[in-house]
Amino acid sequence: MNLDKIRKSVGIIGESVLIEQMLGKISQVANTDISVLITGSSGSGKEMVAKAIHKNSKRKFQDLVTVNCAAIPSGIIESELFGHKKGSFTGAEENRKGYFESADKGTIFLDEIGELPLETQAKLLRVIEQGEFLRVGDTKLKKVDVRIVAATNVNMDEAIKKGKFREDLFYRLSTIIINIPPLRDRK
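Counting along the sequence shown from 1, when you hit position 25 you're at 274 in our numbering, and nothing is skipped either side.
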């Protein structure tokens, strides 16, 4: 795949060796369906890389659904990700699709994945392994065909050691890791 095409698809600038290596990895993984973990410091362009992966993939004509895992309170994150059934909790007045269902056939970008609660991590693992999930309050499994791109600025090795992130989920998400160089290294 042409690196200039990837660069122009989302407006990536810079011509350092590190940027060229990052673009090379994007070109290698864009047209596959494997999970990608994007790492890098805050403000380094993780969402731009996720968009580049999606826009240069075979799923480019489907939706890219972006979810900031750190911005959703832990009490409602499962309902947001997987949806809920009418009456499953106070205020659930109708059935609701979650982000995964909305991203079916497309790509879901899970930003700040390191902030995902442990209980939700187990359910995310099921989506990755089986391609299925349960809406909150439902007993019928839903199938989904979605590519997962995740990003974090958390040191995942430390999070795993501290018991804050599941090691099995980390390995499923990090089939390919794209590390974005910090801005200070991209003069």
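All C-beta atoms, glycine included, are put in the ideal place defined by N, C-alpha and C.
Between the C-alpha atoms of P430 and S291, what's the straight-line distance to the nearest angstrom? To locate residue 430, count along the sequence shown from 1; it is residue 181. To locate residue 291, count along the sequence shown from 1; it is residue 42. Cα to Cα, P430 sits roughly 11 Å from S291.
How many whole angstroms separate the CB atoms of I268 and V398, which I take to be in contact at a CB cut-off of 8 Å? Here residue 268 refers to the residue found at position 19 of the sequence shown. Here residue 398 refers to the residue found at position 149 of the sequence shown. About 19 Å separates the two Cβ atoms, so there is no contact after all.
What residue range is occupied by the uninterrupted alpha helix (DSSP H) comprising I261? Looking up residue 261 in the sequence shown gives position 12. Run containing I261: none; DSSP gives neither H nor E here.
Could you check whether A400 and D360 sit closer than 7 Å to each other, using their CB atoms as the reference points? Taking the sequence shown and counting its residues from 1, the one referred to as residue 360 is at position 111. Taking the sequence shown and counting its residues from 1, the one referred to as residue 400 is at position 151. Yes, the pair counts as a contact, with Cβ atoms nearer than the cut-off.
Is the Cβ-Cβ distance between L422 and L374 less than 7 Å? Indexing the sequence shown from 1 puts residue 422 at position 173. Indexing the sequence shown from 1 puts residue 374 at position 125. No, the Cβ-Cβ distance between L422 and L374 is not below 7 Å.
What's the gap between the Cα of G340 and the Cα of Q270? Position 91 of the sequence shown, counted from the start, is the residue given in the question as residue 340. Position 21 of the sequence shown, counted from the start, is the residue given in the question as residue 270. Near 48 Å, if we compare the C-alpha coordinates of Q270 and G340.
Note down the Cα distance separating F310 from E343, rounded to an integer number of angstroms. For the purposes of this step, residue 310 is identified with residue 61 of the sequence shown, where counting begins at 1. For the purposes of this step, residue 343 is identified with residue 94 of the sequence shown, where counting begins at 1. Cα-Cα distance, rounded: 29 Å.
Using the rule of at least 16 other Cβ atoms within 10 Å of the residue's Cβ for burial, across every protein chain shown, is L432 buried or exposed? Translated into positions along the sequence shown, residue 432 becomes position 183. When all chains shown are included, L432 counts as exposed.
Does DSSP classify C331 as helix, strand or coil? Taking the first residue of the sequence shown as position 1, residue 331 is located at position 82. Contrary to the premise, residue 331 reads as Phe rather than Cys in this sequence. If DSSP states are grouped into helix, strand and coil, F331 belongs with the helices.
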